[in-house]
Each structure stands twice: as structure tokens, then as C-alpha cells.
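In this note's numbering, the protein residues as written are 414 to 645.
Ideal placement from N, C-alpha and C gives every residue a C-beta, glycine not left out.
Accompanying notes for the structure given below.
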């Protein structure tokens, strides 16, 4: 028992020492794409895809399929539950229908299951959006001027007014996409286009900043590992 614990502790120590350098190597292999596409980048790409696929498979089996389908199905045989046996078998057949995609004669089975899944998902999404979003939407129909205890809050009122103007101008830009001969529609449509440009620019900037923050974090991780190795 003591030797086993010693071996486990030694293996953990080795992985603790090698693990960060393996991560550094993977980061450098991925960053090698900035130079050009090379076998090192390909290896890192395939390694990441393989690990992701393996993790997804293990997570799906041990957290969803095994406790919610396989274990109850096996126990239904021991309990001689006809409903449980045929219910589990029906779920298994539905899952196997997905693989009908790979054969010309059974491809229609995949379409049936896919249509059922999409229909159930769409119905669930519509119901959830209606029950969760409708109270929020109904509550949003109020005066943009915020008055509390007889005082007008200019900051919140200004933000509400800007939001209302942006919403109306964007809707006019989309719903009245024909030739804007009237001055009101033309000016409002141009404002809607400007608001869209501002919104898309903000989303794009946020995306770039997020990726740059991840890049900086990885570079700093590599620098820290080299600092620990050099100034140990």
C-alpha cells in the first residue's frame, strides 16, 4: 500500500513538472501558424480535436446516457418491467436512426428523427421564450422619463430616450427598405444604418478584445514558465 501511494505521488510530481512545459509546447505549436502552416501546427490541431472529441464522448456517456438511459434500462430487465424494457429499446432505435445518414436506403430514417428533434426543440424554445421574455417585454412598455418620488432622473431618462430612438430608427431601416422618398423615412433610415454600424462595430471590437486577452494570457503563461526555469 505504501509503495503504491509512493508511485502515485511520484507520478503526480512528474506530471506537475512536465505538464506546464507540455502546455507551453502546445502553445508554441499553435502560434507557429503565424509563420506558415507546418506539421507542428497540424499536430496541435489534431491533438486538440481528438481531446475535445474524447472528452465530449466521455461526458455524454457518463453524465447523460449511462445514468439516464443505460442503467435504468438494465435495471428494468431485472425488475421485469415491460414498459422500461421497451422504452429503453425505443430510445436505442431512435439513436440508431441517426446513422441511417450513411446509407442511401435508410437516409429517410435520419430525416424523421431530425425533424422530430428540431420540432421538439423549436416548441420548447418558443414556450420558454414566451414565458420568460414576454413579462420582460410587457414591463418594458413604459414612459422613457424616469420619475421617482417626484424627481426626474435625467441620466436614466436620457439612456431610455437614446434606446427608444435607436430602436425605432433601426426598425424603420429594416421594415421600410424601399426607396425613402419622404424626408422623415430617409433621415430615420440613415440614423438606423448608423446605429447598426455602431452596434456591429462594438460587437466586433468586443470580439477582438476577447481574443487578444486570451492571446496575451497565453503569451504571459509561456513567459512565466521560462522565467521559472531560468531564475529558479
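Run through DSSP, which three-state label would residue i get?
i: residue 539; result: helix
i: residue 558; result: coil
i: residue 564; result: strand
i: residue 415; result: No answer about residue 415 holds up, because its pLDDT of 48 lies below 50 and its placement is not dependable.
i: residue 517; result: coil
i: residue 449; result: coil
i: residue 639; result: helix
i: residue 576; result: helix
i: residue 644; result: coil
Label residue i either buried or exposed according to how many other C-beta atoms from any shown protein chain fall within 10 Å of its C-beta, with 16 as the threshold for buried.
i: residue 386; result: The first residue shown for the chain is 414 and the last is 645, placing residue 386 beyond what the model contains.
i: residue 601; result: buried
i: residue 501; result: buried
i: residue 442; result: buried
i: residue 495; result: exposed
i: residue 636; result: exposed
i: residue 616; result: exposed
i: residue 432; result: exposed
Where do the ends of the alpha helix (DSSP H) carrying residue i lie?
i: residue 458; result: 452 to 473
i: residue 499; result: 495 to 510
i: residue 486; result: 484 to 492
Every unbroken beta strand (DSSP E) within the segment 579 to 634, with a cutoff of 3 residues, ordered by chain: none
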